[in-house]
Amino acid sequence: MSYDLIFLMALITFFMRYAFFMEKLPVKLDMRVQRFLSFTAPCILTAMAAPIVFGEVTFNTHDLTNPFLLGGILAIVLSLLVKNTLIVVLASMGAFFLLKTLL
Amino acid sequence: MSTEQAQPVRSIKLAAFFDILPLSIAVIPWGILCGSLAIQVGLSPLQSQLMSLLVFAGAAQLSAVTLTGAGGGIATILGSTAVISSRHLLYSATFRSHAMGLPLHHKMLMAFLLTDEMFAVTENKRKELGYFPLDYALISGATFYAIWNLSTLAGIVAGTSIPNLESLGLEFAIAATFIAMVVPNIQSSPVLVAVLVSACCAVLFHKLEVPNDLLLSALVGMVVGYCLDKESD
Numbered sequence: 006m007s008y009d010l011i012f013l014m015a016l017i018t019f020f021m022r023y024a025f026f027m028e029k030l031p032v033k034l035d036m037r038v039q040r041f042l043s044f045t046a047p048c049i050l051t052a053m054a055a056p057i058v059f060g061e062v063t064f065n066t067h068d069l070t071n072p073f074l075l076g077g078i079l080a081i082v083l084s085l086l087v088k089n090t091l092i093v094v095l096a097s098m099g100a101f102f103l104l105k106t107l108l
Numbered sequence: 674m675s676t677e678q679a680q681p682v683r684s685i686k687l688a689a690f691f692d693i694l695p696l697s698i699a700v701i702p703w704g705i706l707c708g709s710l711a712i713q714v715g716l717s718p719l720q721s722q723l724m725s726l727l728v729f730a731g732a733a734q735l736s737a738v739t740l741t742g743a744g745g746g747i748a749t750i751l752g753s754t755a756v757i758s759s760r761h762l763l764y765s766a767t768f769r770s771h772a773m774g775l776p777l778h779h780k781m782l783m784a785f786l787l788t789d790e791m792f793a794v795t796e797n798k799r800k801e802l803g804y805f806p807l808d809y810a811l812i813s814g815a816t817f818y819a820i821w822n823l824s825t826l827a828g829i830v831a832g833t834s835i836p837n838l839e840s841l842g843l844e845f846a847i848a849a850t851f852i853a854m855v856v857p858n859i860q861s862s863p864v865l866v867a868v869l870v871s872a873c874c875a876v877l878f879h880k881l882e883v884p885n886d887l888l889l890s891a892l893v894g895m896v897v898g899y900c901l902d903k904e905s906d
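Structure follows, in structure tokens:
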């Protein structure tokens, strides 16, 4: 890999993050678009997490020993009960690695 | 919330640091993996670190490094970078109205630091406060940047000495973090349905190997959520 390639990658990622910050960009985001965009965070984060947790679900007894599924469900339940993100992340990761070793 | 708005600036800065901390911890194994893989496929230590310093995009970096290892060409690597990073266009659009009017250096810094994690915590904080907290965005982004680069450095130093780091199931850390961020913020039925639709689509598209499955499943959920939201007016 060359330095040029790294700089080009940097340009691409920066452009994706900066694109809509350009004042000159000829788009106006009215209230409807802003309401649509308010769904960005929950939907993208979910779309990243769901295949990791449910991607290998087989709907048979294998699911009972799938640490991703069990750990993911634990994370969902804990998130409903505990407000602290750090506790949820650490507890469900601990459970995940425990299950992975035991099962 | 009026009590939240009265929060002193310092506590917002501290909150930025502590809110992004669990997400930064979850990303450490990925940084190590990214650094050590880069060394393994033949990048120099400087190149490996520059990628984290300049590109600062975990998924894009990992895919570029993997493609390099597999002998992928420049076009393939840049194409995958563009596709993987395209979700950031949505983040940029979401924050557009808040970035307008900021000085150029603040806008550029904010864009440079705009990761999934920074976006998620800042958007949560913005909803909680009722206004866009620039300090919060920059501090949480910078904290994440520092930890990402330090963990890449650890991977570069460790080099090839971590066997099968990929097979440990590190992606679970990412999933747990995002679950912990999303679930407490589901406070209306349109958001709940949007999230469920995105989840189902993401699993289905992933199994069917639909190209650009991440962005597509998020967009389907967003459209459904938006339509339900309109109806409930």
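Chains as they are written, first to last, in the numbering used here: chain A, 6 to 108; chain B, 674 to 906. Backbone N, C-alpha and C define an ideal beta-carbon position, used for all residues, glycine too.
#1: Just to confirm before moving on: does the CB-CB distance between B/Leu843 and B/Pro718 stay below 8 Å?
#2: Determine whether the beta carbon atoms of B/Val893 and B/Ser871 lie at a separation below 8 Å.
#3: Mind checking whether B/Ser759 and A/Phe25 have CB atoms under 8 Å apart?
#4: Could you work out which residues of chain A lie near B/Ile701, taking near to mean beta carbons separated by less than 9 Å?
#5: Using the C-alpha atoms, what's the distance from B/Ala737 back to B/Thr767?
#6: Checking contacts by CB at 8 Å: is B/Tyr818 closer than that to chain A?
#7: Quick check on A/Pro31: buried or exposed, where buried means 16 or more other Cβ atoms within 10 Å of its Cβ?
#8: What does the Cβ neighbour count give for A/Ala46, buried or exposed, with the cut at 16 atoms within 10 Å?
#9: Give, in chain order, every residue of the region 735 to 764 of chain B whose Cβ lies closer than 7 Å to some Cβ of chain A.
#10: Tell me the rounded alpha-carbon separation between B/Gly898 and B/Ala730.
#11: Work out the CA separation of A/Val93 and A/Leu83 for me, nearest whole Å.
#12: Starting from the beta carbon of A/Thr70, find every residue of chain B whose beta carbon is closer than 9 Å, and list them in chain order.
#13: How big is the Cα-Cα spacing for B/Thr739 and B/Lys903?
#14: Start and end of the alpha helix (DSSP H) containing B/Phe768?
#15: Taking the continuous alpha helix (DSSP H) assigned at A/Pro31, which residues delimit it?
#16: Whole-angstrom Cβ separation of A/Gly76 and A/Phe101, contact assumed at under 8 Å?
#17: So with CB distances below 7 Å, who are the chain A contacts of B/Asp902?
#18: Return no unless some Cβ of chain B is closer than 8 Å to the Cβ of A/Leu50.
#19: For the alpha helix (DSSP H) that A/Lys105 lies in, which residues bound it at each end?
#20: Report the residue ranges of all alpha helix (DSSP H) runs contained in full by the region 679 to 720 of chain B; include only those spanning at least 4 residues, in chain order.
#21: Give me the chain B residues within the contact set of A/Gly99, using Cβ-Cβ distance strictly less than 9 Å, ordered along the chain.
#22: Confirm, please, whether the CB-CB distance from B/Gly746 to B/Val714 is below 8 Å.
#23: Would you call the region 47 to 55 of chain A and the region 865 to 880 of chain B in contact, with 3 or more CB pairs under 8 Å?
#24: Name the two residues that bound the continuous alpha helix (DSSP H) containing B/Leu892.
#25: Taking a Cβ distance cut-off of 7 Å, strictly less, list which residues of the region 76 to 97 of chain A are near chain B, in chain order.
#26: Give the interface partners of B/Gln956 over in chain A, defined as CB-CB distance under 9 Å, in chain order.
#27: So which residues on chain A does B/Thr767 lean against when the C-beta distance must stay under 7 Å?
#28: Taking the straight line between their C-alpha atoms, what separation do you get for B/Leu706 and B/Ser905?
#29: State the Cα-Cα distance for the pair B/Lys800 and B/Met781, rounded to the nearest angstrom.
#30: Quick one: is A/Lys29 near chain B, going by C-beta distance under 8 Å?
#31: Under 8 Å, Cβ to Cβ, is there at least one residue of chain A near B/Ser675?
#32: Beta-carbon separation of A/Val62 and A/Leu74 under 8 Å?
#33: Within 10 angstroms of its Cβ, does B/Gly814 collect 16 or more other Cβ (buried), or is it exposed?
#34: For B/Val876, which residues from the same chain have a beta carbon less than 6 Å from its beta carbon, with the 5 sequence-adjacent residues on both sides left out?
#35: CB B/Thr825 to CB B/Ser725, shorter than 8 Å?
#36: Quick one: Cα of A/Ser43 to Cα of B/Leu763, how far?
This is what the structure holds:
#1: Numbered from 1 along the second sequence, position 170 holds the residue referred to as residue 843 of chain B. Numbered from 1 along the second sequence, position 45 holds the residue referred to as residue 718 of chain B. Cβ distance not < 8 Å, so B/Leu843 and B/Pro718 don't count as in contact.
#2: Along the second sequence, read from residue 1 onward, the residue named residue 893 of chain B stands at position 220. Along the second sequence, read from residue 1 onward, the residue named residue 871 of chain B stands at position 198. Their beta carbons are under 8 Å apart, which means B/Val893 touches B/Ser871 by this criterion.
#3: As a first step, residue 759 of chain B is located in the second sequence; it is residue number 86 there, counting from the start. As a first step, residue 25 of chain A is located in the first sequence; it is residue number 20 there, counting from the start. Contact: no.
#4: For this step, residue 701 of chain B is matched to residue 28 along the second sequence. Chain A residues near B/Ile701: none, gap ~11 Å exceeds 9 Å.
#5: In the second sequence, the residue the question calls residue 767 of chain B occupies position 94. In the second sequence, the residue the question calls residue 737 of chain B occupies position 64. One C-alpha to the other measures close to 27 Å.
#6: Your numbering for residue 818 of chain B matches position 145 in the second sequence. No, because no Cβ of chain A sits closer than 8 Å to the Cβ of B/Tyr818.
#7: Counting from 1 along the first sequence, the entry for residue 31 of chain A is found at position 26. An exposed status is given to A/Pro31, since fewer than 16 other beta-carbon atoms sit within 10 Å of its beta-carbon.
#8: Here residue 46 of chain A corresponds to residue number 41 of the first sequence, with the count starting at 1. Here A/Ala46 is buried. Its C-beta has 16 or more other C-beta atoms within 10 Å.
#9: Ala737, Thr741, Ile747, Ile750, Leu751, Thr754, Ala755, Ser758, Ser759, Arg760, His761, Leu762, Leu763, Tyr764
#10: Within the second sequence, numbered from 1, the residue matching residue 898 of chain B stands at position 225. Within the second sequence, numbered from 1, the residue matching residue 730 of chain B stands at position 57. Each residue's Cα considered, the two are about 28 Å apart.
#11: If you number the first sequence from 1, residue 83 of chain A lands on position 78. If you number the first sequence from 1, residue 93 of chain A lands on position 88. A/Leu83 and A/Val93: Cα-Cα distance of roughly 6 Å.
#12: Stepping through the first sequence from its first residue, residue 70 of chain A is reached at position 65. Residues of chain B passing the Cβ test: none, with the nearest at roughly 14 Å.
#13: Taking the second sequence and counting its residues from 1, the one referred to as residue 739 of chain B is at position 66. Taking the second sequence and counting its residues from 1, the one referred to as residue 903 of chain B is at position 230. Cα to Cα, B/Thr739 sits roughly 43 Å from B/Lys903.
#14: Numbered from its first residue, the second sequence carries residue 768 of chain B at position 95. Taken as a continuous stretch (DSSP letters only), B/Phe768 belongs to no alpha helix (DSSP H), as it is neither H nor E.
#15: In the first sequence, residue 31 of chain A corresponds to position 26, counting from 1. Here A/Pro31 belongs to no alpha helix (DSSP H), and DSSP marks it neither H nor E.
#16: In the first sequence, counting from the first residue as 1, residue 76 of chain A sits at position 71. In the first sequence, counting from the first residue as 1, residue 101 of chain A sits at position 96. That pair is a contact at about 4 Å.
#17: Within the second sequence, numbered from 1, the residue matching residue 902 of chain B stands at position 229. Within chain A, the residues near B/Asp902 are Arg40.
#18: Looking up residue 50 of chain A in the first sequence gives position 45. With respect to chain B, the C-beta atom of A/Leu50 has a partner C-beta closer than 8 Å.
#19: The sequence position of residue 105 of chain A within the first sequence is 100, counting from 1. Per DSSP, A/Lys105 belongs to the alpha helix (DSSP H) from 90 to 107.
#20: You should have 682 to 713.
#21: Stepping through the first sequence from its first residue, residue 99 of chain A is reached at position 94. Chain B residues near A/Gly99: none, gap ~10 Å exceeds 9 Å.
#22: To locate residue 714 of chain B, count along the second sequence from 1; it is residue 41. To locate residue 746 of chain B, count along the second sequence from 1; it is residue 73. Cβ distance not < 8 Å, so B/Val714 and B/Gly746 don't count as in contact.
#23: yes
#24: What you label residue 892 of chain B is simply residue 219 of the second sequence in a count that begins at 1. 886 to 904 is the span of the alpha helix (DSSP H), which, as asked, contains B/Leu892.
#25: Correct list: Gly76, Gly77, Ala80, Ile81, Ser84, Leu85, Lys88, Thr90, Leu91, Val93, Val94, Ser97.
#26: In the structure displayed, chain B extends from 674 to 906; residue 956 of chain B sits before or after that span and is not available.
#27: To locate residue 767 of chain B, count along the second sequence from 1; it is residue 94. B/Thr767 reaches chain A at Leu42, Thr45, counting residues in chain order whose Cβ is nearer than 7 Å.
#28: If you number the second sequence from 1, residue 706 of chain B lands on position 33. If you number the second sequence from 1, residue 905 of chain B lands on position 232. Rounded to the nearest angstrom, the two C-alpha atoms are 46 Å apart.
#29: Counted from its first residue, the second sequence places residue 800 of chain B at position 127. Counted from its first residue, the second sequence places residue 781 of chain B at position 108. Those two C-alpha atoms are separated by around 23 Å.
#30: Against the first sequence, residue 29 of chain A aligns to sequence position 24. It does not: the Cβ of A/Lys29 has no partner Cβ on chain B nearer than 8 Å.
#31: Counted from its first residue, the second sequence places residue 675 of chain B at position 2. Legend: pLDDT at B/Ser675 = 44, less than 50; position of this residue unreliable, no value from coordinates given.
#32: The residue given as residue 62 of chain A occupies position 57 in the first sequence. The residue given as residue 74 of chain A occupies position 69 in the first sequence. Yes, the pair counts as a contact, with Cβ atoms nearer than the cut-off.
#33: Reading the second sequence from its first residue, position 141 is the one you call residue 814 of chain B. Looking at its Cβ environment, which holds 16 or more other Cβ atoms inside 10 Å, B/Gly814 is buried.
#34: Here residue 876 of chain B refers to the residue found at position 203 when the second sequence is read from its first residue. Excluding residues within five positions, none has a Cβ falling inside 6 Å.
#35: Taking the second sequence and counting its residues from 1, one reaches residue 825 of chain B at position 152. Taking the second sequence and counting its residues from 1, one reaches residue 725 of chain B at position 52. Closer than 8 Å, so yes.
#36: Taking the first residue of the first sequence as position 1, residue 43 of chain A is located at position 38. Taking the first residue of the second sequence as position 1, residue 763 of chain B is located at position 90. The alpha-carbon atoms of A/Ser43 and B/Leu763 are separated by roughly 10 Å.
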